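Undergrad:
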Amino acid sequence: MKDPRTTPFGAAEEADLRALALRVREHILGMATNGGCFIGASLSCADILAHLYSRVLRVSPATVRDPGRDYFFLSKGHDVPALYGTLVELGFLEARRLANHLETHDSIYWHPNRAVPGIEFHSGSLGHLLSVSIGVALDIKLRGGDNRVFVIVGDGELNEGSIWEGCLVAQAHKLDNLVLIVDRNEFQANVATEDLIPLEPIDAKFRAFGWSAMTVDGHNFAALDRAYQKLPVEPGHPTAIIARTVRGKGLPSIERRADRWFVDFTAAEIEALKRELHGEASAELTSETLMVR
Amino acid sequence: MNPTYEETLLSIAERDPDLVVMTAENRGAIRNLPGKLGARFIDVGIAEQTMIGAAAGLALRGRTPVAHALATFLTLRAFEFIRTDVGIANLPVKLVGAVPGFLSDGNGPTHQAIEDVSLMRGIPNMQVYCPADRAELVACLPTFIASRAPAYLRFCGVEPAAPHHEPFVAGKAETFGTGTDVAILTYGFLLREALSARDRLAEQGIAARVVNLRTVKPIDEAAVLDAVSTCRLTVTVEDHFLTGGLYSIVAELLLSRGVTGRVLPFALRERWFTPGRLAGVLAFEGFTGPQIANRIQEALA
Ligand SMILES: [Mg+2]
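From first to last, the protein sequence lines are chains A and B. Heads up: the first sequence begins at 25 in my numbering, then just goes up one per residue. Heads up: the second sequence begins at 104 in my numbering, then just goes up one per residue.
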């Protein structure tokens with residue numbers, strides 16, 4: 025596994041990651057029909073995940089049970105299509121299993137679970153995996169390990185009290201091996217975050233809780249790389265990375281659309297969206313968010 | 104002198120390097136452990152949800168966390184974390200709920216864990232331990248911790264009302280007496296009142312047996328079925344809502360076996376109990392030995 029602290033990030037790495045993230049988005053589109061998926065959130069964190077698994081996490085298909093691995097937890101579980109796609113591309117998960125999305129004979133569904141190779145823990149109820157990450161980070165400290173724990177939360181998820189409870193506990197226990205990444209796509213389920221429960225300034229909130237905090241462009245691989253190079257930012261303090269993203273990123277007909285958050289597209293719409301993903305004609309869509317979740 | 108809860112937990116921790124003791128700043132029963140366990144004593148502050156999520160994370164790394172909080176806040180505030188992080192993953196997290204049921208005496212309804220058995224037993228694979236006193240608490244602790252299942256312990260550190268004559272085995276009740284007029288099924292510190300009721304009934308020529316269940320999940324089905332089929336009347340005595348506790352467990356068991364019987368419940372029906380000193384609470388709510396005996400006598404008349 026490459027380590028951003030020791031391997032430079034240049035044009036070749038940039039191009040590789042662009043191509044990887046495009047393939048992850050194709051996988052996401054594959055799961056957005058025949059039952060659908062949370063496409064908007066999946067697209068917003070696809071670049072973060074592609075980068076994290078390629079450049080940051082010290083884990084590989086051969087070390088998914090190694091106690092010395094870096095841990096990754098997806099707390100905003102509904103964007104798991106991006107994680108499935110990343111795990112397929114990096115060899116953790118067999119590609120053919122994505123065709124089993126929502127089939128009862130496999131365990132590939134709308135939220136993550138441990139039966140999927142490479143997935144550390146289930147989620148779906150928001151505000152849980154920071155605390156689970158704290159337990160893992162505490163044990164790594166207890167055993168004197170130098171591995172790290174990364175957890176992605178949504179910005180809407182910051183509404184949950186357990187996030188802030190966990191922030192207090194993590195700083196009290198000086199968990200500088202813990203990194204929380206906020207997928208700051210400015211939307212929660214149905215509405216823009218700032219129209220409902222204003223969150224800004226987010227970095228100042230984490231700092232006030234005793235964390236180090238950085239804000240980066242979550243679609244800029246070089247910027248993400250520079251942020252992770254700084255870890256651990258301050259000895260004795262957990263780190264928050266606020267990754268500014270666009271919900272629906274990569275598909276202009278979905279970007280920032282509250283009505284295209286969870287969608288079950290027709291096969292024809294998926295084909296049109298694939299063309300749009302590759303910069304061809306924009307897709308004509310009629311399907312909208314099916315469910316209010 | 105018998106060892107205390109704390110001493111027993113410490114001796115298990117000394118043998119098992121993977122055991123960690125956690126608390127949501129509820130240190131009553133584990134006051135001396137921080138100095139002895141060092142970093143294996145983890146206090147998260149008044150943060151029950153984070154404690155349970157972190158306990159799940161610790162268990163993922165091979166630890167056996169023993170997590171302490173007041174029974175209400177543990178089972179209610181953190182319920183979804185127990186159900187979702189511990190339950191779904193079926194992790195060996197050990198939950199210790201302090202001052203359950205009537206033992207919250209003067210605290211008032213906010214502190215009355217009288218739905219804890221109902222909530223915890225509803226979680227797949229979760230075991231529910233209900234020791235009757237300090238001796239049984241200490242006796243059940245090695246089993247409670249050694250099992251690889253998630254488990255909830257209804258903490259009870261009162262002095263024993265009578266010596267125990269059966270070694271602790273999860274899912275195995277301890278029965279006092281062989282009376283066939285009435286069987287009193289109970290768990291937790293109310294064993295004391297049940298034994299007092301039995302003595303009072305004996306003076307009236309009514310032969311009672313008392314079944315101390317010790318764990319309600321797993322429950323000793325044979326002991327319950329034998330009581331119902333052998334005795335004229337079966338009584339359940341619990342400091343818990345009528346819904347979801349022992350009375351419900353007995354009802355479910357009898358229905359599943361096609362057995363019918365006369366069962367009289369002592370439980371809290373659609374209400375919280377009136378707070379006060381423990382002795383006063385028991386008398387006000389009708390849970391003293393003589394009060395239980397009187398109602399049994401009326402039922403048998
Ligand atoms: Mg969001």
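Every residue gets a Cβ at the ideal spot worked out from N, C-alpha and C, and that includes glycine. Please read these numbers as outputs of a predicted model, since none were measured by experiment.
Of all Cβ atoms in chain B, is any one closer than 7 Å to the Cβ of residue 102 of chain A?
TA: no
Undergrad: Here's a check: name, in chain order, each residue in its chain whose Cβ is nearer than 8 Å to the Cβ of residue 114 of chain B, leaving out the five neighbours to either side.
TA: 106
Undergrad: Going by the C-beta, is residue 62 of chain A closer than 6 Å to any heavy atom of ligand 1?
TA: no
Undergrad: Confirm the yes/no value for this check: CB of residue 209 of chain A, any heavy atom of ligand 1, distance under 6 Å.
TA: yes
Undergrad: Which of the three DSSP states, helix, strand or coil, is assigned to residue 341 of chain B?
TA: strand
Undergrad: Looking only at its own chain, which residues have a Cβ that is under 8 Å from the Cβ of residue 393 of chain B, when we skip the five neighbours before and after it?
TA: 299, 300 and 303
Undergrad: Specify the secondary structure class of residue 42 of chain A as computed by DSSP and reduced to three states.
TA: Residue 42 of chain A sits in a helix when the DSSP states are folded into three classes.
Undergrad: What residues in its chain sit with their C-beta under 7 Å from that of residue 93 of chain A, if we drop five residues either side in the sequence?
TA: Cβ neighbours of residue 93 of chain A beyond the five flanking positions: 82, 83, 87 and 171.
Undergrad: Which residues does DSSP list as the beta-bridge partners of residue 334 of chain B?
TA: Looking at the DSSP assignment, residue 334 of chain B forms no beta bridge with any residue, so it has no partner.
Undergrad: Chain A partners of residue 147 of chain B, CB-CB under 7 Å?
TA: 193
Undergrad: Pull up the DSSP beta-bridge partners for residue 191 of chain A, would you.
TA: Looking at the DSSP assignment, residue 191 of chain A forms no beta bridge with any residue, so it has no partner.
Undergrad: Please identify the residue among B:190, B:246, B:258 and B:234 whose C-alpha is closest to the C-alpha of residue 130 of chain B.
TA: Closest by C-alpha distance to residue 130 of chain B, out of B:190, B:246, B:258 and B:234, is B:258.
Undergrad: Determine the direct distance from the alpha carbon of residue 114 of chain A to that of residue 85 of chain A, and round the result to whole angstroms.
TA: 8 Å
Undergrad: Please report the straight-line C-alpha distance between residue 300 of chain A and residue 39 of chain A, rounded to a whole angstrom.
TA: 20 Å
Undergrad: Closer than 9 Å, Cβ to Cβ, to anything on chain A: give me those residues from the segment 155-177 of chain B, in chain order.
TA: 155, 156, 157, 158, 159, 160, 161, 162, 163, 164, 165, 166 and 168
Undergrad: Quick check on residue 140 of chain A: does DSSP put it in helix, strand or coil?
TA: Three-state result, residue 140 of chain A: coil.
Undergrad: When we look at the beta-carbon of residue 303 of chain A and count the other beta-carbons within 10 Å, is it buried (16 or more) or exposed?
TA: Exposed: under 16 other Cβ atoms inside 10 Å.
Undergrad: So what does DSSP say about residue 77 of chain A, is it helix, strand or coil?
TA: helix
Undergrad: Compute every distance between the C-beta of residue 179 of chain A and the non-hydrogen atoms of ligand 1, then say whether any falls below 6 Å.
TA: Answer for residue 179 of chain A: yes, Cβ within range of ligand 1.
Undergrad: Spatial neighbours of residue 224 of chain B within its chain, please: CB distance less than 6 Å, with the 5 preceding and 5 following residues excluded, ordered by chain position.
TA: 231 and 320
Undergrad: Could you tell me the alpha carbon to alpha carbon distance between residue 209 of chain B and residue 218 of chain B, rounded to whole angstroms?
TA: Residue 209 of chain B and residue 218 of chain B: Cα-Cα distance of roughly 18 Å.
Undergrad: Please report the straight-line C-alpha distance between residue 165 of chain A and residue 198 of chain A, rounded to a whole angstrom.
TA: Straight-line measurement puts the Cα of residue 198 of chain A at about 10 Å from the Cα of residue 165 of chain A.
Undergrad: Going by beta carbon distance, what residues of the same chain come within less than 7 Å of residue 344 of chain B, once the five residues before and after it are set aside?
TA: 217, 218, 221, 370 and 371
Undergrad: Is residue 212 of chain A near ligand 1, going by C-beta to nearest heavy atom under 6 Å?
TA: yes
Undergrad: So is residue 187 of chain B in contact with chain A if we call contact Cβ pairs under 7 Å?
TA: yes
Undergrad: Can you give me the C-alpha to C-alpha distance between residue 232 of chain A and residue 190 of chain A, rounded to a whole angstrom?
TA: Roughly 14 Å separates the two Cα atoms.
Undergrad: Determine, using beta carbons only, whether residue 150 of chain B comes closer than 7 Å to chain A.
TA: Judged by the 7 Å Cβ criterion, residue 150 of chain B is in contact with chain A.
Undergrad: Does any heavy atom of ligand 3 sit closer than 6 Å to the C-beta of residue 196 of chain B?
TA: The model on display carries ligand 1 but not ligand 3.
Undergrad: Please compile the residues from chain A whose C-beta is within a distance smaller than 8 Å of the C-beta of residue 192 of chain B.
TA: 138, 145 and 146
Undergrad: Measuring CB to CB, does residue 215 of chain A end up less than 7 Å from residue 60 of chain A?
TA: Cβ atoms of residue 215 of chain A and residue 60 of chain A: not closer than 7 Å.
Undergrad: Give the secondary structure of residue 315 of chain B by DSSP, where H, G and I count as helix, E and B as strand, and everything else as coil.
TA: strand
Undergrad: For residue 182 of chain B, go through chain A and note every residue whose CB falls closer than 9 Å to its CB, in chain order.
TA: Ordered by position in chain A, no residue passes the 9 Å Cβ test against residue 182 of chain B, which lies about 12 Å from the chain.
Undergrad: Taking the alpha carbon of residue 160 of chain A as the reference point, which residue from B:168, B:317, B:132 and B:390 has its own alpha carbon closest?
TA: B:168
Undergrad: By the 8 Å beta-carbon criterion, what residues does the segment 114-144 of chain B contribute toward chain A?
TA: 123, 142 and 143
Undergrad: Of the residues A:210, A:230 and A:162, which one's Cα is nearest the Cα of residue 187 of chain A?
TA: Nearest of A:210, A:230 and A:162 to residue 187 of chain A, Cα basis: A:230.
Undergrad: Check for me: the alpha helix (DSSP H) holding residue 302 of chain B runs from which residue to which?
TA: 294-306
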